[in-house]
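As structure tokens, the structure follows; a few thoughts come after it.
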Amino acid sequence: MNVIDAIRTKRDAKELTAPQIDWVIAAYTEGKIADEQMSALAMAILLNGMTRREIARWTAAMIDSGERMDFTTLTRPTADKHSTGGVGDKITLPLAPLVAACGAAVPQLSGRGLGHTGGTLDKLESIPGWRALLSNEEMLGVLDSTGAVICAAGDGLAPADKKLYALRDVTGTVESIPLIASSIMSKKIAEGTGSLVLDVKAGSGAFMKTVEDARELASTMVELGNDHGVRTVALLTDMDTPLGRTAGNALEVRESVEVLAGGGPADVVELTLALAREMLDAAGISDADPAKALADGSAMDVWRRMIAAQGGDPDAELPRSREQHVVTAPASGVLTRLDAYDVGVAAWRLGAGRARKEDPVQAAAGIELHAKPGDRVTAGEPLLTLHTDTPERFEESVEALADAYDIRTPDEASVSYTPRPIILDRIS
Ligand code: URA
Numbered sequence: 022m023n024v025i026d027a028i029r030t031k032r033d034a035k036e037l038t039a040p041q042i043d044w045v046i047a048a049y050t051e052g053k054i055a056d057e058q059m060s061a062l063a064m065a066i067l068l069n070g071m072t073r074r075e076i077a078r079w080t081a082a083m084i085d086s087g088e089r090m091d092f093t094t095l096t097r098p099t100a101d102k103h104s105t106g107g108v109g110d111k112i113t114l115p116l117a118p119l120v121a122a123c124g125a126a127v128p129q130l131s132g133r134g135l136g137h138t139g140g141t142l143d144k145l146e147s148i149p150g151w152r153a154l155l156s157n158e159e160m161l162g163v164l165d166s167t168g169a170v171i172c173a174a175g176d177g178l179a180p181a182d183k184k185l186y187a188l189r190d191v192t193g194t195v196e197s198i199p200l201i202a203s204s205i206m207s208k209k210i211a212e213g214t215g216s217l218v219l220d221v222k223a224g225s226g227a228f229m230k231t232v233e234d235a236r237e238l239a240s241t242m243v244e245l246g247n248d249h250g251v252r253t254v255a256l257l258t259d260m261d262t263p264l265g266r267t268a269g270n271a272l273e274v275r276e277s278v279e280v281l282a283g284g285g286p287a288d289v290v291e292l293t294l295a296l297a298r299e300m301l302d303a304a305g306i307s308d309a310d311p312a313k314a315l316a317d318g319s320a321m322d323v324w325r326r327m328i329a330a331q332g333g334d335p336d337a338e339l340p341r342s343r344e345q346h347v348v349t350a351p352a353s354g355v356l357t358r359l360d361a362y363d364v365g366v367a368a369w370r371l372g373a374g375r376a377r378k379e380d381p382v383q384a385a386a387g388i389e390l391h392a393k394p395g396d397r398v399t400a401g402e403p404l405l406t407l408h409t410d411t412p413e414r415f416e417e418s419v420e421a422l423a424d425a426y427d428i429r430t431p432d433e434a435s436v437s438y439t440p441r442p443i444i445l446d447r448i449s
């Protein structure tokens with residue numbers, strides 16, 4: 022086999038054979054294909070796409086590049102959730118303990134933030150003592166004893182994807198539906214969950230800017246999961262505006278704890294409950310009521326045990342930023358737009374996110390949103406509070422917010438503003 026033939030095949034928009042795909046993935050994992058050749062192939066795939074048959078084989082080859090986890094010793098059915106990422110997306114934090122409180126085992130392998138999107142592990146690391154890195158045995162132990170675990174994926178899981186994703190990140194080849202679908206699903210299938218609910222985001226703060234692209238990504242992933250025996254469904258959800266009222270690590274943990282205490286912003290509660298119902302349904306648990314588990318404190322109990330089992334102190338004071346800067350509303354009226362991408366970039370510039378995987382993040386940095394689209398605002402009143410430990414960052418964060426919002430008179434808003442629902446579609 023020859024990688025140049027594979028590159029030429031995709032360059033000319035033809036189909037790779039199954040043995041070609043198996044060979045390319047194995048040879049790349051073993052270091053027998055140079056990065057410049059693999060990036061040429063990734064670019065040809067980005068430009069010319071892949072057939073469903075190619076995507077299925079590519080995914081299977083990436084799964085086979087590493088180990089598969091085994092949860093068959095657990096007595097509870099397993100259910101996992103994956104979000105394609107967004108701004109203010111802290112849903113995993115309340116969701117995993119909630120679904121565990123309802124009877125499923127939730128093995129939640131999560132990632133770190135990159136660019137304008139946040140990462141679940143960065144958020145949880147703002148809790149003093151909490152550890153993201155667990156051995157497979159520790160992970161199973163936490164899952165067995167508390168019902169939920171949120172941790173980093175081990176190096177043995179889909180190593181081909183780890184290498185390829187890092188390469189795509191620096192070669193402008195992330196935004197390819199076949200490559201995103203196979204990347205996400207190879208890790209989720211290798212993880213060994215019995216069922217999976219995908220939260221595929223659409224909008225300015227998401228990978229997929231349009232609902233049509235999000236739908237294609239969702240249906241590709243749902244098909245891959247079901248073909249591998251993982252019961253998979255997807256919700257398409259809004260990411261034109263940030264979720265909840267915070268974007269940033271410790272700020273989002275605080276908001277998640279509010280949800281677990283029975284409060285929290287309405288959109289976060291709505292999406293958490295919708296995903297919990299999907300996960301329980303996919304796991305075959307029909308007699309649980311997630312709204313009750315939030316109200317009666319049982320989800321909070323699982324959260325506390327899960328955090329403590331990973332070395333965290335659930336009662337510890339969370340970090341608070343040393344400096345704050347308030348952005349006030351320039352006019353009175355109705356907030357008709359608050360752009361997720363701009364808020365994500367502004368939070369990143371404050372120190373909440375990272376430009377390269379190795380960069381540190383500030384636990385306390387981020388943005389509080391005092392109004393959401395549809396809310397009335399008053400000139401001179403706080404619209405956003407920016408948090409950072411490094412105040413020299415305020416200027417570039419404020420710059421990122423220059424075109425982030427629109428305020429209209431109530432009359433204009435009644436004509437031009439239509440609220441977008443959080444859940445846009447369901448794909449099964
Ligand atoms: N997340 C992943 O795990 N892979 C991608 O390709 C994109 C997002």
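Residue numbers (our numbering): 22 to 449.
Cβ atoms here follow ideal geometry from the backbone N, Cα and C, with glycine treated the same way.
Determine the burial state of residue 22: buried for a count of at least 16 other Cβ atoms within 10 Å of its Cβ, exposed for fewer. By the neighbour-count rule (16 or more Cβ atoms within 10 Å), residue 22 is not buried but exposed.
Residue 357 (DSSP reduced to helix, strand or coil): Looking at residue 357 - three-state DSSP - the assignment turns out to be strand.
DSSP-derived helix/strand/coil call for residue 104: Taken through DSSP and simplified to helix, strand or coil, residue 104 comes out as strand.
Check whether the Cβ of residue 280 lies closer than 7 Å to any heavy atom of the ligand URA, and answer yes or no. It does not: the Cβ of residue 280 is nowhere closer than 7 Å to a heavy atom of the ligand URA.
Sequence-distant residues of its chain with Cβ nearer than 6 Å to residue 309 (five each side left out): Scanning its chain for C-beta atoms nearer than 6 Å, with the 5 sequence neighbours on each side dropped, one finds around residue 309 the residues 123, 124 and 301, in chain order.
Which residues in the same chain have their Cβ closer than 6 Å to the Cβ of residue 45, if we skip the five residues on either side of it in sequence? Correct list, in chain order: 27.
Here's a check: name, in chain order, each residue in its chain whose Cβ is nearer than 7 Å to the Cβ of residue 119, leaving out the five neighbours to either side. Once the five neighbours on either side are set aside, the close Cβ partners of residue 119 are 293, 297, 311, 314, 315 and 320.
Please state if the CB of residue 447 and the CB of residue 256 are separated by a distance shorter than 8 Å. Yes.
I'd like the list of long-range same chain contacts for residue 67, defined as Cβ closer than 6 Å, with 5 residues on each side in sequence excluded. The beta carbon of residue 67 sits closer than 6 Å to the beta carbons of 194 and 197 from its chain, once the five residues preceding and following it are set aside; these are given in chain order.
For residue 411, the three-state DSSP class (helix, strand or coil): Of the three classes helix, strand and coil, the one that applies to residue 411 here is coil, per DSSP.
For the ligand URA, is there any heavy atom lying closer than 7 Å to the beta carbon of residue 204? If you check the C-beta of residue 204 against the ligand URA, you find a heavy atom less than 7 Å away.
What are the boundary residues of the alpha helix (DSSP H) that includes residue 251? No alpha helix (DSSP H) contains residue 251, which DSSP labels as neither H nor E.
Quick check: the Cα distance between residue 423 and residue 346, rounded to an integer number of angstroms? Distance between the alpha carbons of residue 423 and residue 346: 15 Å.
Segment limits, beta strand (DSSP E) that includes residue 426: Where residue 426 is concerned, the enclosing beta strand (DSSP E) stretches over 426 to 429.
Have a look at 92, 199 and 144 and flag the residue whose alpha-carbon is nearest the alpha-carbon of residue 62. With distances taken between Cα atoms, residue 62 lies closest to 199.
With respect to the alpha helix (DSSP H) encompassing residue 462, which residues constitute its N-terminal and C-terminal limits? Since the first residue shown for the chain is 22 and the last is 449, residue 462 is missing from the structure and cannot be characterised.
Counting only the same chain and skipping the five closest in sequence on each side, list residues whose C-beta sits under 6 Å from that of residue 226. Counting only Cβ-Cβ distances below 6 Å, and skipping sequence neighbours, we find 107, 108, 260, 361, 362 and 365.
Residue from 270, 151, 175 and 58 with nearest C-alpha to residue 188: If we check each option's Cα against that of residue 188, 58 comes out closest.
For residue 29, collect the residues of the same chain with a Cβ closer than 8 Å to its Cβ; drop the 5 residues on either side in sequence, then sort them by chain order. Contacts found: none.
Just to check, is the beta-carbon of residue 120 closer than 7 Å to a non-hydrogen atom of the ligand URA? No, the ligand URA has no heavy atom inside 7 Å of this Cβ.
Express the C-alpha separation of residue 343 and residue 411 in angstroms, rounding to a whole number. Near 8 Å, if we compare the C-alpha coordinates of residue 343 and residue 411.
Note down, one range per segment and in chain order, each alpha helix (DSSP H) of at least 4 residues found wholly within the stretch 22 to 63. With a minimum length of 4 residues, the continuous alpha helix (DSSP H) runs that stay inside the stretch 22 to 63 are 24 to 32 and 39 to 50.
Assuming residue 101 and residue 212 form a contact by the criterion Cβ under 8 Å, report the distance between their Cβ atoms to the nearest whole angstrom. Contact holds; Cβ gap of about 7 Å.
Look up residue 126 in the DSSP assignment and say whether it is helix, strand or coil. Collapsing the DSSP output to three states places residue 126 in a strand.
Would you say residue 186 touches the ligand URA, meaning its beta carbon is less than 7 Å from a heavy atom? Remark: the C-beta of residue 186 is in contact range of the ligand URA, defined as less than 7 Å to any heavy atom.
Residues in the same chain with beta-carbon distance under 8 Å from residue 234, minus the five sequence neighbours each way, listed in chain order, please. Shown here for residue 234: same chain residues with a beta carbon closer than 8 Å to its own, the five before and five after excluded, namely 198 and 223 in chain order.
Do the stretch 321 to 332 and the stretch 163 to 180 make contact, defined as three or more Cβ pairs closer than 8 Å? With the cut-off at 8 Å, the stretch 321 to 332 and the stretch 163 to 180 touch.
Contact set for residue 449: own chain, Cβ-Cβ below 6 Å, skip 5 residues either direction: For residue 449, where only same-chain residues beyond five positions count, the Cβ hits under 6 Å are 254.
For residue 151, collect the residues of the same chain with a Cβ closer than 7 Å to its Cβ; drop the 5 residues on either side in sequence, then sort them by chain order. So the qualifying residues of the chain are 145, 328, 331, 332 and 333.
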